[in-house]
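> Just passing along the structure, written as structure tokens.
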Amino acid sequence: MRTIRRLLELIRFSHTLFALPFALLAAAMAWSANLRSEPPVSFRWRELAGIVVCMVSARSAAMAFNRLADRHLDALNPRTASRHLPAGVLSVASVVVLTAAASVGFVAGTLLFLPHNPLPLYASGPVLLFLFAYSYTKRFTALSHFWLGAALMLAPVAAWVAIRAAVDWPPLVLGAAVLLWVAGFDMIYACQDTAFDIAMRLHSVPARLGVRAALRLAALCHLGMVVLLAALPLVYDGLGTIYLAGVAAIAVLLVYEHAIVRPDDLSRVNRAFFHVNAVVSVGLFVVGSIDLMVGHA
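Residue numbers for the sequence shown, in the working numbering: 144 to 440.
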């Protein structure tokens, strides 16, 4: 039990809240049949289970692989030297087993969409490779933040495809908002390691442009996120006033996030990263779901 607890700590299992609500919102939209050109789709518990299993497994596999790929760098970084692998709290073998088990769990989860939709199974391998590749992006590009955003963008897009077996504008707009949101807060988080990244010749926006410019670019990304979320009802007519009120609240939260993180004071980055972003993702799912339910009442 101690090893299991430590493995969950390693992958920060609770942070699944960052991406899962967006996948569930996309699924609720796909089931709600509010597309004028698309036929209704029946809700299936099996599909919901498949989305949850795939989402949790894919994130767990990606996080475990990231810890493996970065373990030597983490050991050199004072901020991350106490993580489980550099500190010797967990063995490399145990994390390899976790990565493999979570990967198998992800592929197995796609079987829940058979026989009517084989697309998730076909895409499972390429998706895992894309997620794993993120762990090496800081070695060659400052756009690594956007790669991470694209990885989480897959959550709502994949959930929609799993249910409707097609790609449509609603999940793409929602996914693009997720991409900008994640890229923005990852830039904020990376500001803590600016000096280390420069010394190790790693690539990040703060290392390339400086902390002040990185925070400005992160704010621009979050502005783009709010614009895309506000535009979502233009391509999906099942969302209305309640949803837009939630988007306005998210805008306020993002303003707060940027207000508490300054170039000369990064002491509250963790509060911005963990607390505010969890409220953003869960809050959007709640207001979006309520709006969908009210529209069907």
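Just so it is clear, CB atoms sit at the ideal spot from N, CA and C, and this is done for glycine as well.
Since this is a predicted model, take the numbers as computed values, not measurements.
For Arg405, write down the residues that DSSP places opposite it in a beta bridge.
The count along the sequence shown starts at 1 and reaches residue 405 at position 262. Arg405 is bridged to Asp408.
> Does the separation of the CB atoms of Leu322 and Met296 fall below 8 Å?
Along the sequence shown, one-based indexing puts residue 322 at 179. Along the sequence shown, one-based indexing puts residue 296 at 153. Yes, Cβ-Cβ distance for Leu322 and Met296 is below 8 Å.
> In whole angstroms, give me the CA-to-CA distance for Val354 and Leu254.
Residue 354 sits at position 211 when you count from the first residue of the sequence shown. Residue 254 sits at position 111 when you count from the first residue of the sequence shown. Near 45 Å, if we compare the C-alpha coordinates of Leu254 and Val354.
> Is Arg405 buried or exposed, if buried means 16 or more other CB atoms sit within 10 Å of its CB?
Reading the sequence shown from its first residue, position 262 is the one you call residue 405. Its Cβ having fewer than 16 others within 10 Å, Arg405 is exposed.
> For the alpha helix (DSSP H) containing Val321, list its first residue and its last residue.
The sequence position of residue 321 within the sequence shown is 178, counting from 1. Segment 312–333, the alpha helix (DSSP H) holding Val321.
> Give the list of continuous alpha helix (DSSP H) stretches no shorter than 4 residues that lie fully inside the segment 183–249.
Those alpha helix (DSSP H) runs which fall completely within the segment 183–249 and span 4+ residues are 188–212, 214–219.
> Kindly indicate which three-state DSSP category Leu295 falls into: helix, strand or coil?
Along the sequence shown, read from residue 1 onward, the residue named residue 295 stands at position 152. Here Leu295 sits in helix by DSSP.
> Which one of Ile154, Ala166, Ala224 has the shortest CA to CA distance from Asn209?
Taking the first residue of the sequence shown as position 1, residue 209 is located at position 66. Comparing Cα-Cα distances from Asn209 to each of Ile154, Ala166, Ala224, the minimum goes to Ile154.
> If I measure Cβ to Cβ from Asp340 and keep anything under 8 Å in the same chain, skipping five residues before and after, which residues do I get?
Walking along the sequence shown from the start, residue 340 turns up at place 197. Excluding residues within five positions, the ones whose Cβ falls inside 8 Å are Lys281, Ala333, His346, Ser347, Pro349, Ala350.
> Quick check on this structure: which residue in Val316, Asn220, Val422, Pro258 has the alpha carbon closest to the alpha carbon of Ala338?
Along the sequence shown, read from residue 1 onward, the residue named residue 338 stands at position 195. Checked all of Val316, Asn220, Val422, Pro258; the closest Cα to Ala338 is Asn220.
> So, are the CB atoms of Phe165 and Pro299 less than 8 Å apart?
To locate residue 165, count along the sequence shown from 1; it is residue 22. To locate residue 299, count along the sequence shown from 1; it is residue 156. Yes, Cβ-Cβ distance for Phe165 and Pro299 is below 8 Å.
> Between the C-alpha atoms of Ser200 and His158, what's the straight-line distance to the nearest angstrom?
On the sequence shown, position 57 is the one that residue 200 refers to. On the sequence shown, position 15 is the one that residue 158 refers to. Using only the alpha carbons, I get a separation of about 13 Å.
> Start and end of the alpha helix (DSSP H) containing Ala276?
Within the sequence shown, numbered from 1, the residue matching residue 276 stands at position 133. Run containing Ala276: 262–276, per the alpha helix (DSSP H) assignment.
> So for Leu257, helix, strand or coil by DSSP?
Residue 257 sits at position 114 when you count from the first residue of the sequence shown. In this structure, Leu257 counts as coil in the three-state DSSP scheme.
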